[in-house]
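Chemist:
Protein chains: 2
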Amino acid sequence: MSTIAATPKPPYYAVIFTSHRTDGDNGYGDMVTRMVELAAQQPGYLGIESAREHLGITVSYWSDLESIKNWKADLEHKRAQEYGHEKWYSSFKVRISKVERDYGI
Amino acid sequence: MSTIAATPKPPYYAVIFTSHRTDGDNGYGDMVTRMVELAAQQPGYLGIESAREHLGITVSYWSDLESIKNWKADLEHKRAQEYGHEKWYSSFKVRISKVERDYGI
Chain C
1 MSTIAATPKP PYYAVIFTSH RTDGDNGYGD MVTRMVELAA QQPGYLGIES
51 AREHLGITVS YWSDLESIKN WKADLEHKRA QEYGHEKWYS SFKVRISKVE
101 RDYGI
Chain H
106 MSTIAATPKP PYYAVIFTSH RTDGDNGYGD MVTRMVELAA QQPGYLGIES
156 AREHLGITVS YWSDLESIKN WKADLEHKRA QEYGHEKWYS SFKVRISKVE
206 RDYGI
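So the protein sequences, as listed, match chains C and H. Count the first sequence with our numbering and you get residues 1 to 105, in order. Count the second sequence with our numbering and you get residues 106 to 210, in order.
1. Quick one, are the C-beta atoms of Lys-203 (chain H) and Pro-116 (chain H) less than 7 Å apart?
2. Could you work out which residues of chain C lie near Met-106 (chain H), taking near to mean beta carbons separated by less than 7 Å?
3. Would Arg-126 (chain H) pass as an interface residue toward chain C - the criterion being a Cβ-Cβ separation below 7 Å?
4. Taking all protein chains shown into account, decide if Ile-210 (chain H) is buried (16 or more other Cβ within 10 angstroms of its Cβ) or exposed.
5. Chain H partners of Thr-18 (chain C), CB-CB under 7 Å?
6. Label Glu-154 (chain H) either buried or exposed according to how many other C-beta atoms from any shown protein chain fall within 10 Å of its C-beta, with 16 as the threshold for buried.
7. Please classify Leu-75 (chain C) as buried or exposed, where buried requires at least 16 other C-beta atoms within 10 Å of its C-beta.
8. Short of 7 Å in beta carbon distance, which residues of its chain neighbour Trp-176 (chain H), apart from the five on each side in sequence? Order them along the chain.
9. Would you kindly work out how many angstroms separate the C-alpha atoms of Lys-69 (chain C) and Glu-53 (chain C), rounded to a whole number?
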């Protein structure tokens, strides 16, 4: 169950992953559980937020671009990315962004 | 029904709004409809993506910081922000970020 990530003071990075799913699970649920667990073990990981209705949005937060690059290159994550292309997502977009300012309650 | 926003080539800006709702509607649904409509009329608006489960995530995209500032200062939007504080959200976080790179299928 996703909650608001307790990120530090900016600047830090946000990877905004927006996707539409294909029909059927095809191992997707297990992969999400594993990737969330694995991401949290990476150097530079700051948190993750996720919600899905018609559209799925997952935002992961990172201390720097190097950490994002290393996570993208992780072998188990790369296999998940391949499956994502092949069977889990009908379309997706990844946006790498630098958080400059934040506020809230 | 939210879909992946057709944003231009980076750089551009993303406002990541993450929130937990209070119980009951209290006019929230009507406000969302109106704010989505009103945001789309603002100069510099590029698109919006939204999903809510336990957590709500709305990402709006903008051409520059000035457009974000003007939208935040819009009078009708300001009233919605006040109601958000007072009754619609138990907690929220707004993150202003600069999209440096994107890719997808």
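Positions of the beta carbon are idealized from the N, C-alpha and C atoms, including for glycine.
Modeler: This is what the structure holds:
1. yes
2. His-54
3. no
4. exposed
5. Ile-109, Glu-154
6. buried
7. exposed
8. Ala-144, Gln-147, His-182
9. 28 Å
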